[in-house]
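Read through the structure below, which is laid out as structure tokens, and then see the notes.
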Amino acid sequence: MDPAFGRLADAQFLKLLQCVRNEDFVQIRKFRRYGVPNLVNLTEPSLGLGVLHVTAKNYAGIMTTSMLRMGAHPDTQDKIGRTPAMTAAELGHDLVLEILANAKADMSIVDKYGKGILFYTLFPGKRHMTCFNIAVEHGADVCNTSSDGTPVFLAACEQARDCADMCLRLLEKGADPNSWNPKTGRTALMEASREGAVDLVRAILQKGGDVNMADNQRWNAVHFAARGGYLEVLKVLSAYGADMTASNLQGNTALHCAAAGGFSDCCKFLGQRGCNPVLKNSKNRTALGVAKCLGFIEALKELRKIKSLAKEYAAPGAKNPNPPWTVRLYDWTQEHHSSLKSHFEPLKKDDGTITKVEFVNILTKMMAPINYEEMRVILLCHARWRETNINPDVFMTGSKYLERELLASFNAESVTIAGFDIHVFSCKVGVNQNAESVSVPIARFGTQEGGVNGKLGVHPRQNEENKRQR
0 MDPAFGRLAD AQFLKLLQCV RNEDFVQIRK FRRYGVPNLV NLTEPSLGLG VLHVTAKNYA
60 GIMTTSMLRM GAHPDTQDKI GRTPAMTAAE LGHDLVLEIL ANAKADMSIV DKYGKGILFY
120 TLFPGKRHMT CFNIAVEHGA DVCNTSSDGT PVFLAACEQA RDCADMCLRL LEKGADPNSW
180 NPKTGRTALM EASREGAVDL VRAILQKGGD VNMADNQRWN AVHFAARGGY LEVLKVLSAY
240 GADMTASNLQ GNTALHCAAA GGFSDCCKFL GQRGCNPVLK NSKNRTALGV AKCLGFIEAL
300 KELRKIKSLA KEYAAPGAKN PNPPWTVRLY DWTQEHHSSL KSHFEPLKKD DGTITKVEFV
360 NILTKMMAPI NYEEMRVILL CHARWRETNI NPDVFMTGSK YLERELLASF NAESVTIAGF
420 DIHVFSCKVG VNQNAESVSV PIARFGTQEG GVNGKLGVHP RQNEENKRQR
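Take the sequence shown: its position 50, counting from 1, is numbered 49 in numbering that gives the first Met the number 0, and each next residue is one higher.
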């Protein structure tokens, strides 16, 4: 709107703003009756604020309604293009925003930086989430991009740890899953991985996000997940075909990133998926050397195991018992376990099996990451040539095509009881098909400090005490 002009109009409008702040309805009625025409739609000269900007800032719902009844326009913009709705959204004043939305405030307006109202809602908290939902329901653009090229979905993913629900809602409403910043090359998937938001990472990939896109420094989502130590994110990325061995411009792989943070579980996971622990970066440092230099003992142990296995498999005539494609297939089956089960269940016979043809059709329909030859190997692992049926439950455990030791490293859970780390595995109890799954502690104990005694279930310190007593 036009700024206040003339000494009289200027003085009256500034006085009106003061009355609005103080909620002085008596004086406001006098200004309405005796003031200059269209006084409520003027703006003050310095910042360009209107009366609704003030009511939005003060969380004054009744005053907002009064100003609207007096004819105040809900889309008044200040000198940087912000509307009262943007002010209310930024402060989390959901009641005022709802009043403005019901007054037909335009939620598609952008400020001088190209940012729409959704940019102003990207803060943690229930009220900001309410403001976000109000804006989306009243026509806010979920594909809005600021003048510097940042999409609102990418901006939300940068705060995914606190704003995950907003990110998921934006995806649901049609935001581009491959949103990226042209200046940095960062994608929404990279930001979600950096924040460790596993549900958001999964949603982006389900919507068609490119798992292997790299930024201007050739960092990809796997690098960011490994740097933060987010194992669950790495599992999802692997299930969707991420390149776990990619290097950035500095020559660092995801294994370098995990080693630098001392994340032993991530080091183990990446090593099982082909990352080389002795690959050197541009500073001539290996992942193993990084962990050793920083003093991360547990990560160093895992990296040494990975190095030993890699050396063993690289020997002439040696064969990897767990080819990369089998591990990739296992990751995929674990990620799509519920969907696979829903496809298999209606086809099961009394003995819990389905035919080979049905099995192949389901995996093909769901685009399992295996080719014809690999499918043939899977069929041979689960059924002989003359057998026509396959147990899909056995297939989803991976026990027929992966080594037990590798599966144990995936599924073992550590429970600390009275100073001991007891490794627990899930197993079936009973002989019928409906046996319940329970957790049975295996006879292998270790101290919290690491180290396992040769004698079953005996702490090393307990051994010393027993000897002294004797």
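Ideal placement from N, C-alpha and C gives every residue a C-beta, glycine not left out.
What span of residues does the alpha helix (DSSP H) with residue i cover, start to end?
i: residue 24; result: 24–33
i: residue 274; result: Premise fails: residue 274 is in no alpha helix (DSSP H) and is neither H nor E.
i: residue 330; result: 323–334
i: residue 193; result: 187–194
i: residue 371; result: 371–381
i: residue 199; result: 197–205
i: residue 227; result: 220–227
i: residue 60; result: 60–68
i: residue 18; result: 6–21
i: residue 234; result: 230–238
i: residue 55; result: 50–56
i: residue 171; result: 159–171
i: residue 127; result: 125–136
i: residue 152; result: 151–156
i: residue 98; result: 93–101
Given that a residue counts as buried once 16 or more other Cβ atoms are within 10 Å of its Cβ, and exposed if not, what is residue i?
i: residue 182; result: exposed
i: residue 114; result: buried
i: residue 400; result: buried
i: residue 491; result: Past the boundaries of the shown model lies residue 491; the chain is included only from 0 to 469, so the question cannot be answered.
i: residue 19; result: buried
i: residue 330; result: buried
i: residue 302; result: buried
i: residue 398; result: exposed
i: residue 320; result: exposed
i: residue 281; result: exposed
i: residue 72; result: buried
i: residue 314; result: exposed
i: residue 239; result: buried
i: residue 479; result: Outside the modelled stretch of the chain, which goes from 0 to 469, sits residue 479, for which no answer is possible.
i: residue 341; result: exposed
i: residue 327; result: buried
i: residue 318; result: exposed
i: residue 119; result: buried
i: residue 336; result: exposed
i: residue 227; result: buried
Assuming residue i contacts residue j (C-beta within less than 8 Å), just tell me the rounded distance between them.
i: residue 104; j: residue 82; result: 7 Å
i: residue 11; j: residue 30; result: 6 Å
i: residue 121; j: residue 85; result: Not a contact, Cβ separation roughly 12 Å.
i: residue 176; j: residue 191; result: Between residue 191 and residue 176 the Cβ distance is about 10 Å, and since that is not below 8 Å, they are no contact.
i: residue 198; j: residue 163; result: 7 Å
i: residue 102; j: residue 95; result: Contact doesn't hold; Cβ gap of about 11 Å is too wide.
i: residue 382; j: residue 348; result: About 14 Å; that fails the 8 Å criterion.
i: residue 68; j: residue 93; result: That pair is no contact at about 21 Å.
i: residue 473; j: residue 133; result: As shown, the chain starts at 0 and ends at 469. That puts residue 473 outside it, with no answer to give.
i: residue 202; j: residue 159; result: Between residue 159 and residue 202 the Cβ distance is about 11 Å, and since that is not below 8 Å, they are no contact.
Pull up the distance between the alpha-carbon of residue i and that of residue j, whole angstroms please.
i: residue 16; j: residue 174; result: 39 Å
i: residue 402; j: residue 394; result: 13 Å
i: residue 206; j: residue 170; result: 8 Å
i: residue 220; j: residue 254; result: 13 Å
i: residue 36; j: residue 62; result: 20 Å
i: residue 146; j: residue 178; result: 15 Å
i: residue 78; j: residue 109; result: 12 Å
i: residue 185; j: residue 204; result: 16 Å
i: residue 144; j: residue 123; result: 21 Å
i: residue 350; j: residue 333; result: 23 Å
i: residue 245; j: residue 368; result: 19 Å
i: residue 167; j: residue 353; result: 36 Å
i: residue 211; j: residue 241; result: 6 Å
i: residue 376; j: residue 194; result: 38 Å
i: residue 46; j: residue 39; result: 16 Å
i: residue 9; j: residue 152; result: 41 Å
i: residue 434; j: residue 387; result: Note that residue 434 has pLDDT 37, beneath the 50 cutoff, so the model's placement of it is unreliable and no number is given.
i: residue 6; j: residue 216; result: 57 Å
i: residue 117; j: residue 139; result: 7 Å
i: residue 297; j: residue 90; result: 45 Å
i: residue 288; j: residue 256; result: 12 Å
Please state whether DSSP places residue i in a helix, a strand or coil.
i: residue 388; result: strand
i: residue 345; result: helix
i: residue 305; result: helix
i: residue 82; result: coil
i: residue 42; result: strand
i: residue 353; result: strand
i: residue 252; result: coil
i: residue 285; result: coil
i: residue 120; result: helix
i: residue 434; result: Since pLDDT at residue 434 reaches only 37, below the 50 mark, its modelled position is unreliable, and the value read off the structure follows with that caveat. Residue state, collapsed to three classes: coil.
i: residue 144; result: strand
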